[in-house]
Structure formats: C-alpha cells, structure tokens
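Q:
Number of protein chains: 2
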Amino acid sequence: MNQIDIFKALSNETRLEILKWLKEPEKHFDKPSAHLSKNMNEKGGVCVGDIVEKAGLSQSTISQYLTMLQKAGLLESERHGQWTYYRRNETIIKELWNSLKEEL
Amino acid sequence: MNQIDIFKALSNETRLEILKWLKEPEKHFDKPSAHLSKNMNEKGGVCVGDIVEKAGLSQSTISQYLTMLQKAGLLESERHGQWTYYRRNETIIKELWNSLKEEL
DNA sequence: TATGTTAATCGGGTTTTTTCGATATGTCAA
DNA sequence: TTGACATATCGAAAAAACCCGATTAACATA
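Residue numbers (UniProt numbering), protein chains in the order written: chain A, 1 to 104; chain B, 1 to 104.
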C-alpha cells in the first residue's frame with residue numbers, strides 16, 4: 001500500500017469519480033448488464049464499457065485509469081468472458097483510512 | 001476544501017513528509033529557534049529555513065511546496081518579522097478525514 | 001541608509017501526466 | 001474459422017508538475 005501512488009491515483013477528477021461511483025454502482029449505472037452473473041452483481045462489479053460511457057473519455061484512457069487504480073490497490077478486477085468487471089477493494093480502502101488517521 | 005487539490009498536494013513524497021513532520025515538530029526539528037515566540041512555539045509553527053534544511057531541496061522549491069500545501073488548506077502560515085512559520089491546519093485535516101470517510 | 005537575512009516569485013529546462021487514435025489481444029457466436 | 005465485440009496496450013502530442021538558480025520583496029539591525 002504505497003500512499004503516494006494512492007494519492008496520485010486520487011488526484012484526478014475522473015479517477016476519483018470512478019471510485020465514488022463504484023461505491024454505489026446500482027445508483028450510478030442504471031442498466032444491469034444482462035451478461036452479469038448474479039454472483040458478480042452482488043459483489044458490485046461494473047464493466048469497463050459502462051464506465052467509459054459514464055465518464056465521457058476514450059476507452060483507452062479509462063482502461064488505463066482503471067489499471068492505475070488497481071495498481072494502487074483501490075480497485076480489483078475479475079474477467080468474465082469478454083468483460084472485465086471492476087469493483088472497489090474495500091479492504092485496502094479501509095486500511096488506507098486507518099493509516100491516514102494514524103500518520104497523516 | 002477541494003479534494004483534488006488536496007490529493008495533488010499529498011501526491012508528492014516531500015510534501016507528504018512535510019505534513020507528517022509538522023504533526024510532531026519538536027520531534028523532527030530539534031533546534032528551537034531563538035526567534036520563536038513562546039506563543040508560536042506552543043502552536044508548533046516551523047520556519048521555512050528549517051524545513052528546507054530537513055527536506056534537502058532548494059529554498060525556492062520548498063517555498064512553493066509550502067504555498068501549495070497552504071492553498072490546499074492543509075497548512076496555515078504566520079509571519080513574524082523575517083520568518084514565516086508554517087503549521088498544520090488541523091481543522092481542515094479533520095474535515096478531510098470526515099469527508100473521506102463519508103464520500104470515498 | 002546600507003547590509004545581511006529570510007522567504008516569495010520568476011523563468012525555464014526536464015520529467016511526468018493526460019488523453020487520444022490506432023492497433024493488438026482475448027472471447028463469443030454464427 | 002471468421003467476424004463482431006470488449007478490453008488492453010502502444011506511441012505520441014500537449015499540458016502539467018518538478019525543481020532549480022536568479023531575482024525580488026520584506027524585514028531587522030548596525
């Protein structure tokens with residue numbers, strides 16, 4: 001858990017938004033994808049395309065942003081067929097919160 | 001309190017360090033400046049020169065970093081004679097914690 | 001008032017970030 | 001196996017961040 005990498009990831013409007021959207025996916029991504037398994041739905045993953053549409057940036061940019069958020073540890077991903085679903089890594093986010101409370 | 005500006009300010013090793021140093025100034029800045037009023041000492045302000053020395057970067061860079069941290073709201077400054085003392089703005093930092101706990 | 005000291009600002013070379021379009025990879029379905 | 005679709009990766013132009021030395025501004029004091 002590198003704090004600098006986390007802050008870098010969060011210091012971009014779009015990436016910060018993505019993290020917040022994924023806190024309540026059902027609220028921000030109306031259409032429940034048909035290809036989404038019930039299990040996946042419970043875990044709250046959202047596929048890249050839906051995030052691209054919502055963010056209004058290019059597919060390549062969003063894909064890179066998601067990778068960056070994942071490398072920072074804030075997101076985790078799971079591939080199902082041709083779709084990759086991203087969801088928050090709540091464990092790391094809680095850890096971040098604790099370390100900030102202590103150190104910051 | 002702009003979260004993006006705060007994250008940008010924190011996404012640099014030196015600036016993050018400065019903020020942490022200022023959490024316990026007496027621990028990280030040994031020499032209590034003679035020119036430091038008792039009142040100032042209680043509030044824990046540290047002058048720019050001491051931070052420059054500790055950080056090992058140029059005076060201009062540190063001055064700019066401090067300004068940036070201040071603009072983000074994380075630090076506050078007070079000028080006494082030819083010295084400017086910087087200290088943490090604990091109110092804002094607490095606000096930041098709360099907003100992160102809620103929104104992030 | 002002239003000098004020295006502290007801190008802020010300016011201008012700029014270098015590196016990193018941002019964001020894109022094009023292309024590659026992986027997967028499903030006919 | 002071919003075509004269509006989702007996502008990842010590549011290469012690059014533009015913008016921003018990094019960090020410096022030089023200069024300016026503000027202040028103290030002799």
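Just so you know, even glycine gets a beta-carbon here, dropped at the ideal spot from N, CA and C.
Because the structure is a prediction, the values reported are computed rather than measured.
1. Is the distance from the Cβ of Leu22(A) to the Cβ of Val46(A) below 9 angstroms?
2. In this structure, what does DSSP give as the bridge partners for Leu75(A)?
3. Whole angstroms are fine: how far does the CA of Ile93(B) sit from the CA of Glu76(B)?
4. Listing by chain order, which chain B residues have their CB less than 7 angstroms from the CB of Glu103(A)?
5. Chain A beta carbons: is any one of them nearer than 9 angstroms to that of Gln82(B)?
6. Use the C-beta contact count for Ser58(A): other C-beta atoms within 10 angstroms, 16 or more gives buried, fewer gives exposed.
7. Starting from the beta carbon of Ser11(A), find every residue of chain B whose beta carbon is closer than 7 angstroms, and list them in chain order.
8. Are the C-beta of Leu100(B) and some C-beta of chain A separated by less than 9 angstroms?
9. Less than 8 angstroms between the CB atoms is what I'm expecting for Glu13(A) and Ile4(B), so what's the real figure, rounded?
10. Check for me: the alpha helix (DSSP H) holding Glu13(B) runs from which residue to which?
11. I think Met1(B) touches Glu90(B), with their Cβ atoms under 8 angstroms apart; what is that distance to the nearest whole Å?
12. Going by beta-carbon coordinates alone, are Trp97(B) and Leu100(A) separated by less than 9 angstroms?
13. Would you say Leu16(B) faces chain A, with C-beta separation under 9 angstroms as the test?
14. With a 10 Å radius around its C-beta and 16 neighbouring C-beta atoms as the bar for buried, classify Ser11(B) as buried or exposed.
15. What residues from chain B crowd round Ile93(A), counting only those whose CB sits closer than 8 angstroms?
16. Report the rounded CA-to-CA distance for Val52(B) versus Phe7(B), giving the unit in angstroms.
17. Does the CB of Lys71(B) have a neighbour CB from chain A at under 9 angstroms?
18. Of all the CB atoms in chain B, is at least one closer than 9 angstroms to the CB of Lys54(A)?
19. What three-state label does DSSP hand Lys94(B) in the structure shown?
20. Does Lys27(B) have its Cβ less than 9 angstroms from a Cβ in chain A?
A: Answer, in terms of the structure:
1. Along the first sequence, one-based indexing puts residue 22(A) at 22. Along the first sequence, one-based indexing puts residue 46(A) at 46. Yes, these two residues count as a Cβ contact at 9 angstroms.
2. In the first sequence, counting from the first residue as 1, residue 75(A) sits at position 75. Partner(s): Arg88(A).
3. On the second sequence, residue 76(B) is found 76 positions in, with the first residue counted as 1. On the second sequence, residue 93(B) is found 93 positions in, with the first residue counted as 1. So the two alpha carbons sit approximately 11 angstroms from each other.
4. Numbered from 1 along the first sequence, position 103 holds the residue referred to as residue 103(A). In chain order: Lys20.
5. Here the question's residue 82(B) lines up with position 82 in the second sequence. So no, Gln82(B) is outside the interface.
6. In the first sequence, counting from the first residue as 1, residue 58(A) sits at position 58. The residue is exposed, with fewer than 16 neighbouring Cβ atoms inside 10 Å.
7. Sequence index remark: in the first sequence, residue 11(A) carries index 11 (1-based). Listed by position along chain B, the residues whose Cβ is nearer than 7 angstroms to that of Ser11(A) are Ile4, Phe7, Lys8 and Ser11.
8. Along the second sequence, one-based indexing puts residue 100(B) at 100. Yes - at least one Cβ of chain A is within 9 angstroms of the one on Leu100(B).
9. Position 13 of the first sequence holds residue 13(A). Position 4 of the second sequence holds residue 4(B). About 6 angstroms; that satisfies the 8 angstroms criterion.
10. Translated into the one-based positions of the second sequence, residue 13(B) becomes position 13. Counting along the chain, Glu13(B) sits inside the alpha helix (DSSP H) bounded by residues Glu13 to Trp21.
11. Sequence index remark: in the second sequence, residue 1(B) carries index 1 (1-based). Sequence index remark: in the second sequence, residue 90(B) carries index 90 (1-based). The Cβ separation is near 13 angstroms, so there is no contact.
12. Looking up residue 97(B) in the second sequence gives position 97. Looking up residue 100(A) in the first sequence gives position 100. In contact: Trp97(B) and Leu100(A) (Cβ atoms closer than 9 angstroms).
13. Position 16 of the second sequence holds residue 16(B). It does: the Cβ of Leu16(B) has a partner Cβ on chain A nearer than 9 angstroms.
14. Counting from 1 along the second sequence, the entry for residue 11(B) is found at position 11. With 16 or more Cβ atoms within 10 Å of its Cβ, Ser11(B) is classed as buried.
15. Looking up residue 93(A) in the first sequence gives position 93. Within chain B, the residues near Ile93(A) are Leu104.
16. Working through the second sequence from its first residue, we reach residue 52(B) at position 52. Working through the second sequence from its first residue, we reach residue 7(B) at position 7. The alpha-carbon atoms of Val52(B) and Phe7(B) are separated by roughly 22 angstroms.
17. Numbered from 1 along the second sequence, position 71 holds the residue referred to as residue 71(B). Judged by the 9 angstroms Cβ criterion, Lys71(B) is not in contact with chain A.
18. Working through the first sequence from its first residue, we reach residue 54(A) at position 54. No, Lys54(A) lies away from the interface with chain B (no Cβ there is under 9 angstroms from its Cβ).
19. In the second sequence, counting from the first residue as 1, residue 94(B) sits at position 94. The answer is helix: DSSP assigns Lys94(B) an H, G or I state.
20. To locate residue 27(B), count along the second sequence from 1; it is residue 27. Judged by the 9 angstroms Cβ criterion, Lys27(B) is not in contact with chain A.
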